[in-house]
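Each remark here refers to the structure printed beneath this line.
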Amino acid sequence: MARSALYQQVASELRKAIYSGVLGPGAQLPTEDELRARHGVSRNTVRLALGELVNEGLITRAPRRGSVVRDRRPLLIHPQRELEPHPAGELREAFAYAVEKEGRSPSQTITIETVSPVEEIASRLELEDGDLALVRRRLRFVDGQPYNTNDSYYPYDLVANSEIARPGDIARGANRVLEELGHEQVRVVDDIWARMPNQEEAERLQLELGTPVVVYVRVGYDISETPVRVAVSVLPADKHLIRYELDRR
């Protein structure tokens with residue numbers, strides 16, 4: 000049997016054990032020697048199989064610790080719910096609200112910058128040459144682990160004197176602040192694509208080697224069809240599940 004088929008066979012058995020829960024989060028995989036003996040294959044074949052599981056985000060490998068199953072509990076995201084009214088008494092920032100609904104603990108670090116945005120952002124905000132944008136850069140955590148980044152860009156003149164321009168959490172959410180400023184978002188356009196992370200993203204999000212990210216860009220428009228926000232999120236693919244629901248009733 001070809002070596003490629005052998006390592007895929009080893010990887011397939013381990014993958015089934017992980018997905019079935021036989022090997023749960025934090026479980027130690029058999030050692031390389033144990034896998035060699037079990038399958039009658041070479042050390043290189045075992046390493047190829049384990050490398051495939053690392054690239055899929057299923058396991059981590061560390062010197063002296065061996066191979067361990069990763070905690071892959073993804074954060075469920077419902078993009079269509081961001082602009083829905085919250086129940087009375089539950090007015091929260093959208094990310095915190097979604098995380099807490101899953102019984103998990105959200106946190107984030109926030110920095111504020113005034114920038115001349117790159118063309119991709121400037122065109123989405125329909126800015127003129129020389130116009131500035133204010134950006135809220137957020138590194139978001141779930142249960143103490145870095146989960147995603149979110150950079151929200153606004154026309155500078157629109158938000159310069161609001162809470163959006165100040166660092167720190169906005170408990171009721173920036174979307175509510177826009178509404179109070181007279182620019183409620185009534186329509187959004189989403190673009191979503193996948194790619195490999197750059198070095199900065201990999202370091203900030205503490206990504207395992209080979210983990211792809213999903214780039215999720217949302218443009219929000221007010222009642223006059225003026226774009227008032229461009230939110231760029233970078234979501235590690237192994238930590239997020241994006242769910243859209245369509246209903247014609």
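Just so it is clear: in the sequence shown, position 159 is 158 by numbering that gives the first Met the number 0, and no numbers are missing. C-beta atoms are modelled at their ideal positions from N, C-alpha and C, and glycine is treated no differently.
| Query | Result |
| --- | --- |
| Candidates Leu57, Leu34, Gln205, Gly56, of which the one nearest Arg46 by Cα | Leu34 |
| Paired residues, beta bridge with Ser106 - DSSP | Phe140 |
| Straight-line gap, Val231 to Gln8 (C-alpha atoms, nearest Å) | 39 Å |
| Under the three-state DSSP convention, the category Ile120 falls into | helix |
| 8 Å Cβ cutoff met for Leu75 and Glu55 | no |
| Paired residues, beta bridge with Ala190 - DSSP | Sequence inspection shows Asp at residue 190; the Ala mentioned does not correspond to that position. Partner(s): Val216. |
| Nearest to Arg71 (by Cα), restricted to the options Arg248, Leu245, Asp237, Ile241 | Asp237 |
| Close-in-space but distant-in-sequence residues of the same chain around Leu52 (CB under 7 Å, 5 per side omitted) | Ala10, Leu13, Arg14, Ile58 |
| Unbroken alpha helix (DSSP H) run spanning Arg247, endpoints | Note, Arg247: premise wrong, no alpha helix (DSSP H); not H, not E. |
| Beta bridge counterpart(s) of Pro226 as assigned by DSSP | Tyr220 |
| Cut-off 6 Å between Cβ atoms - residues of its own chain near Pro211, not counting five sequence neighbours on either side | Ala193, Met195, Ala236 |
| Segment limits, beta strand (DSSP E) that includes His239 | 239-241 |
| Sequence-distant residues of its chain with Cβ nearer than 6 Å to Glu95 (five each side left out) | Here residue 95 is Ala; the residue named in the question, Glu, does not match the sequence. Cβ within range, chain order: Pro105. |
| Supposed contact pair Leu133 and Ile111 - C-beta distance, whole angstroms, cut 8 Å | 7 Å |
| Neighbour-count burial assignment, Asn149, 16 or more Cβ in a 10 Å radius | buried |
| Option nearest Glu200 by Cα separation, candidates Leu157, Asp156, Glu162, Pro145 | Pro145 |
| Buried or exposed by the 16-neighbour rule on C-beta atoms within 10 Å, applied to Gln205 | exposed |
| Counterpart residues of Gly172 in DSSP-defined beta bridges | Answer is none; Gly172 lacks a bridge partner. |
| Given 8 Å, three or more beta-carbon pairs between the segment 168-181 and the segment 112-119 | no |
| Classification of Asp221 by the beta-carbon crowding that lies within 10 angstroms, buried from 16 upward | buried |
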